[in-house]
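> Residue numbers (our numbering), protein chains in the order written: chain A, 1 to 390; chain B, 1001 to 1197; chain C, 2001 to 2183; chain D, 3001 to 3323; chain E, 4001 to 4102; chain F, 5001 to 5169; chain G, 6001 to 6126. Where a beta carbon is used, it is the ideal one built from N, C-alpha and C, also for glycine. Note that the structure is predicted; figures quoted are calculated from it, not measured. This is the structure I want to talk about, given as structure tokens.
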Ligand code: SF4
Ligand code: SF4
Ligand code: SF4
């Protein structure tokens, strides 16, 4: 009877063997992921465990590398657009915007007034869907099954609305160089107003059910400390930075589009822990609602074009040069850098994904932590894997 | 003092558990939100705004023929290369015509060669590569493409997703004709097709 | 260097699954029919999302569409307890061995549903010059049902489930919605 | 040869308990899924049978015709012992539970001890399951399961003891009869603290959410039964649900007056609603709260339940002498 | 043979098995298991004697009960010692432990 | 019923013997532990036969529910693969030595038992749990208190031993 | 030797329970189709090949602390016989005895609490 497992089967792979080189002899090397309910897709984290305590962690990625940047170099400017909706399926419109913004900057395209406001509205609605998705999935990681159902209920309303102009539920390819592909209709505006009113009533319920719950608070408070020092060292952005007390929000600090017209707060927390990041996101949802409300009011009449006249065709050539454009996505700073050699195919497209920097903090933040807490920290970073792997 | 505070805090913390129970209890009583899919479908409104795979728009006069003029704009612009359009060739002249043409040539007259009709002979579409981006739809000069409403599409083999859009158009037209046999006027048929789609 | 007895998992080489399914020891036709109906009505998927399509898979499980109605809401994280592997998303060459392994680790009877264009053929990522894409998961493991779309609507996934049930039992159990027939 | 009436009684009881355990697993699974559904505003199982009523049965049959897999390198004997060990004592636990004045398998004066003794075997089963499957998640889950069960057993015992002190017996029937039919005559009123402690630690003992650490999905995939497929998993599942019923039954016997009904209408019709009320409560909290961490779990136990239980027991002893 | 003798023989069997185990096992845990066997034998013998003779049955049972308690106490201590030893020396082989100095 | 008791006795004796042999002989410590557990269960059965269900339940509660689990953890902590350090065969001499010693002790004792049977009754005494309780509260209350102290001391000793380790980490 | 009804009942029910478990397992063996080949037998670890056996010596000592309290558990068990007798005793002496017993228990709780055994660290320093 062999009770020693076949070494062929338990030899691990390249990564784990490398990881195990520095391991203590009495520890357990554990793969968390790629198929694991709490890594949201296919992140793989190698853990060195002493009992339940994590001595070391090392994220391994590339399990969802989709060659986005390479693809950018093979497709015409406009043809690359659809892929922007797939880099980060949580908040695709921010990537839409970042890419469009970069190309518009490169080619000097003016965006009509109405399109700008439409962009803000849809972008913020998309942020809401992104945060709701995160919220539900995060609480699911923490072991409560019901909140995600409520979150998706709200999310479905948003998706129904966003589907009207975009014809899609998730992987939007809505923005165009010089505007957006389809105008908003009356129903959308009405529906959005109704939704905001409804959502305002739902937020206190979320707070009652989850935010105030003592079990949850005890679980996420004081774990996964990512302070300002770490934030700056790793270049983390978005709610992770704001949870560390850094009021860095591109919508305010480097306003893009017409964000400077709206009055909203940049929520920050100084606790630096998972709860801080959680609260920042919850607060951001309220602020998004405010922005949408204001934008709906400012929406120029239907006569305004939603796409600039003579907007470039997908195969159009772009002037040589380079441009960088960054927007504030649901996870942080989404940046696109494009280089053109004057042909109809980009010379280089570089994507700056916020998730990558945020995830980098994880290895340091989770040292010495319980396995269960590590899951809570991982969730609080709000990772979307394709964006990290690109 | 701090002990009192602690106790007070603990009570408050415990209370939060009851608040949670109240929330879920309340929702337990409320009706469900589910759309019982195969028996009922989501609002028409939602269903119609969702883009299924791409399909051809028939000519208003002739529901059997697409509006398409075979300009290939959609093919060149599609990022995923899922469209294949073969332009219609000029109809092969019949022997008599050929004869006539030859004669005419011999006569030194300007030959009136039959022109290729502006329509596709074949319009193939590989749905399994499509990203539903809408580029083809936007760039079609005559508006011959649109999102279909075939949104509940599944298959048991990869081949099923290589669609012949022309055939599909014809099938649709037939279906419409069957559905509305009294509407023999082509315009009317086209209209019904449009509204149903 | 890995010790010689340690099999190195080569990165980037794809292996077709070596797993096979053999019939049960005891087979009685009538019993089998009943069992097949039970299997079809209780398909437990594996918690396994790859990319964007996984979000729609989640949506399908949520209140609006409620996969639970058909007994398929029991998402099991361990392949040992799962019947159905929903490949929802892009499969690349690094991930492929894991998917094949997970498939092999599932006990029979097991089914695979390819959800989304990526899983069917590589979808939008199937471009000239791709270097890391598995062009269709059916090149590696046997797929029973394909649900196209990018991403498919949740109803699409439900339809996929119905089709799978149809394949197992030989009949469709639920009414066909109007739009589906138009096809 | 005539069968001894006592033997006949036992055999009937055995068959009844078997039916009850089987039926109960189905009913409880159905309730759980429906309850979860309604809390989440969806119907839950719906299409398989009217209102999805035969869904659990279908699931059970499906589990029964799935392949049994054992990982290579696992310890084969222990691997298959574990689910059996988990299931075997379950029926016995129902032997002493008084479902009605005459609906008791056997009335013995050590009823509580019998349940405690044989329920303890489950811990061992989980440990063996996790260990023998040669899976790291399984091992972690097993370690968690045992540490948790051990920890929560102490307050549980203390709560039970408080009742045993007041009633002076370990016989379920006598404990039932020591209470009256009306709610204010129940032990719950005299021992509210013990009741609360009992419920909390019972949830902990059953590995139910929010204390479902051993099978915490988002951390340990499936915990100690990660490697168990088909009926191996099914048996653990069934055992878990049966233990739920057992603790709920014990709770309603000890604290809620058991089968007693007003005006002499004693019977299972009073008992079952109480049991199911407790079970529904357990389902309710499962679908409301997030999971606690291991640290919290132990803190709740050592810093709250244990001291409170001890004090409660002391107070009970004191007041018994006082009055 | 009277029933009592039979019980005593079983108890003796347990004792002998335990003894043999202690002599032959070379790891602390193995020895602990053997000790438990012996304790069980003792318990069985006491209970049998008190139940089947005129001796005070209550005393017999309580005595065994206490033995069980002691066994638990002993196991607790032994476990922690084993843990410490294992951590310290990396082995629980008695021979190695006795020759190894920290 | 008498016959049933006889059969049961022999079955339990066999379980004890088999379990015991596995417990001392198995090279896998986990298997040995399983042997121990079956022995414990067998002894519990014997207690049942002796008319003391209380002892039987206590046996299960304390030994199977507590001690066995503890030992399982000890195995996992020290030799997680369960092979113990018994993997290499013991020198034959040691075996023989142990066997001889045990045979000697066993022989003498069994001779004593067989030849000096004390007066015994066929029917075991009936003791109710209440009597035991009174015993603990009255005649033997010191033991009752002592066991509590002993367990406490053992536990604190154990914790102290292990505690230092955690502090150091 | 007696073979009580209780004994019989226990044996009967245990056997019943065993049957209850074995039956479905056997059915599963007979009725289940068999998947073979590939990595079917590889221990599951999120789709990756596990690194090393799970039966290596590793720091599970974390759980050990919880287990040590088994002694506590055993301690409490002694109160069961007492519980049945307590009600029928006269005078305050039994209370004092129980009190001492529980007091010792209480002392250990206080002692361990003060020692910090009950405060499990949220994270360890490395
Ligand atoms: S929708 Fe986009 S990907 Fe699909 S055929 Fe049209 S252009 Fe191509
Ligand atoms: S569909 Fe439109 S774009 Fe495509 S070939 Fe026809 S006319 Fe041109
Ligand atoms: S098919 Fe589309 S939505 Fe699905 S994973 Fe691929 S890109 Fe994402």
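Is it right to say residue 5047 of chain F is buried, meaning 16 or more other beta carbons lie within 10 angstroms of its own, or is it exposed?
Buried is the call here.
> Any beta carbon from chain J within less than 9 Å of residue 1035 of chain B's own beta carbon?
Although the question refers to chain J, the structure presented lacks it and instead comprises the protein chains A, B, C, D, E, F and G.
> Let me make sure I understand the geometry here. Which of A:116, A:290 and A:19 has the alpha-carbon closest to that of residue 57 of chain A?
Ranking the options by Cα distance to residue 57 of chain A, first place goes to A:19.
> List the residues that DSSP assigns as beta-bridge partners of residue 1040 of chain B.
Answer is none; residue 1040 of chain B lacks a bridge partner.
> Give me the DSSP bridge partner(s) of residue 2020 of chain C.
G:6036.
> At a CB-CB cut-off below 7 Å, which residues of chain C make contact with residue 6040 of chain G?
Ordered by position in chain C, the residues that pass the 7 Å Cβ test against residue 6040 of chain G are 2019, 2104 and 2105.
> Classify residue 2086 of chain C as helix, strand or coil using the three-state DSSP reduction.
It is a strand residue.
> Hey, would you say the C-beta of residue 2149 of chain C is under 8 Å away from at least one heavy atom of ligand 3?
Indeed, a heavy atom of ligand 3 lies less than 8 Å from the Cβ.
> Distance check for residue 76 of chain A and residue 3067 of chain D, CA to CA, integer angstroms please.
Each residue's alpha carbon lies about 51 Å from the other.
> Hey, would you say the C-beta of residue 2050 of chain C is under 8 Å away from at least one heavy atom of ligand 3?
Because some heavy atom of ligand 3 lies under 8 Å away, the Cβ of residue 2050 of chain C counts as near it: yes.
> Would you give the residue range spanned by the alpha helix (DSSP H) that residue 6021 of chain G belongs to?
Looking at the DSSP string, the run of the alpha helix (DSSP H) that includes residue 6021 of chain G is 6005-6031.
> Using the three-state DSSP reduction, which class does residue 6117 of chain G fall into: helix, strand or coil?
Residue 6117 of chain G: coil per DSSP, three-state reduction.
> Taking a contact to mean a Cβ-Cβ separation below 9 Å, would you say residue 3203 of chain D touches residue 3245 of chain D in this structure?
Contact: no.
> Would you call residue 3170 of chain D buried or exposed, if buried means 16 or more other Cβ atoms sit within 10 Å of its Cβ?
Classification for residue 3170 of chain D: buried.
> Using CA coordinates, which residue listed in G:6032, G:6017, G:6102 and G:6078 is at the minimum distance from residue 3316 of chain D?
When each option's Cα is compared against that of residue 3316 of chain D, the closest is G:6102.
> Name the chain A residues that come within less than 9 Å of residue 6063 of chain G, Cβ to Cβ?
Correct list: 51 and 52.
> Please classify residue 1024 of chain B: is it buried, with 16 or more other beta-carbons within 10 angstroms of its beta-carbon, or exposed?
Label assigned to residue 1024 of chain B: buried.
> Under 9 Å, Cβ to Cβ, is there at least one residue of chain C near residue 3225 of chain D?
Closer than 9 Å: yes.
> List the residues that DSSP assigns as beta-bridge partners of residue 1058 of chain B.
Paired residue(s): B:1066.
> In whole angstroms, what is the alpha-carbon distance linking residue 89 of chain A and residue 1087 of chain B?
Roughly 37 Å between the two C-alpha positions.
> Near residue 248 of chain A, what residues of its chain come up, given a Cβ to Cβ distance below 6 Å and the 5 sequence neighbours on each side ignored?
Same-chain partners within the cutoff: 241.
> With a threshold of 16 other CB atoms inside 10 Å of the CB of residue 1004 of chain B, please say whether the residue is buried or exposed.
Burial call: exposed.
> Beta-carbon distances below 6 Å to any heavy atom of ligand 1 define the shell here; list its residues in chain order, please.
Answer in sequence order: B:1054, B:1078, B:1079, B:1080, B:1082, B:1083, B:1130, B:1131, B:1132, B:1133, B:1134, B:1135 and B:1136.
> Determine, using beta carbons only, whether residue 1084 of chain B and residue 1122 of chain B come nearer to each other than 9 Å.
Yes, the Cβ-Cβ distance between residue 1084 of chain B and residue 1122 of chain B is below 9 Å.
> Between residue 268 of chain A and residue 280 of chain A, which are expected to be in contact by the criterion C-beta below 8 Å, what is the C-beta distance as a whole number of angstroms?
Sure, about 7 Å apart at Cβ, within 8 Å.
> Using only alpha-carbon positions, find the residue among C:2176, C:2107 and C:2146 that is nearest to residue 2160 of chain C.
Residue C:2146 is the option with its Cα nearest to residue 2160 of chain C.
> According to DSSP, is residue 5087 of chain F part of a helix, a strand, or is it coil?
Any reading at residue 5087 of chain F needs caution, since the residue's pLDDT is 47, under 50, leaving its predicted position unreliable; the model's value is listed next. Residue 5087 of chain F falls in the coil class under three-state DSSP.
> From what residue to what residue does the alpha helix (DSSP H) around residue 1179 of chain B run?
Residues 1165-1179.
> Compare the C-beta of residue 421 of chain A against all C-beta atoms of chain B and say whether one is closer than 9 Å.
Shown here, chain A extends from 1 to 390; a query on residue 421 of chain A therefore has no answer.
> Verify the contact flag: residue 2115 of chain C, CB atom, against every heavy atom of ligand 3, threshold strictly below 8 Å.
Yes, the Cβ of residue 2115 of chain C comes within 8 Å of a heavy atom of ligand 3.
> Spatial neighbours of residue 40 of chain A within its chain, please: C-beta separation below 7 Å, excluding the five flanking residues on both sides.
Result list for residue 40 of chain A: 137, 383 and 385, in chain order.
> Checking 9 Å against the spacing of the C-beta atoms, do residue 2114 of chain C and residue 2136 of chain C come in under that value?
Contact: yes.
> Per DSSP, which residues does residue 1126 of chain B bridge with? Please list them.
Looking at the DSSP assignment, residue 1126 of chain B forms a beta bridge with B:1162.
> Please name the residues in the segment 2145-2161 of chain C whose beta-carbon is closer than 7 Å to at least one beta-carbon of chain B, in chain order.
Correct list: 2145, 2146, 2147, 2148, 2150, 2153, 2155, 2156, 2158, 2159 and 2160.
> Looking at the structure shown, is residue 3038 of chain D part of a helix, part of a strand, or coil, going by DSSP?
Residue state, collapsed to three classes: helix.
> Check this for me: beta carbons of residue 32 of chain A and residue 6046 of chain G, under 9 Å apart or not?
The answer is yes: Cβ separation under 9 Å.
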